[in-house]
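Numbering (the working numbering), first residue to last: 213 to 279.
No residue lacks a Cβ here, since even glycine has one placed at the ideal position from N, Cα and C.
The next block holds one structure in the form of structure tokens; read it before the comments.
Encoded structure:
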């Protein structure tokens, strides 16, 4: 079963699905457009480009246990 979580931070929307295919990843959107699909395990983009701000937001959400 898939379940998902969505969090809005800094003008971005971060979406993850529990039970989704590996590696663990988050989809980051801004203005309804995909900015980056980020590999949480290896800390690299799978698709798109992540700015330093997006990487910092992802790190903060991981530290808070949201991602």
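Counting only residues of its own chain and dropping the five nearest sequence neighbours on each side, residue 223 has a CB closer than 7 Å to the CB of 242. When the beta-carbon positions are compared, residue 252 and residue 264 stay at least 8 Å from each other. Membership of residue 273 in the alpha helix (DSSP H) is indicated by the continuous run 264-275. Between the alpha carbons of residue 276 and residue 269 lies a gap of roughly 11 Å.
Around the beta carbon of residue 233, fewer than 16 other beta carbons lie within 10 angstroms, which makes this residue exposed.
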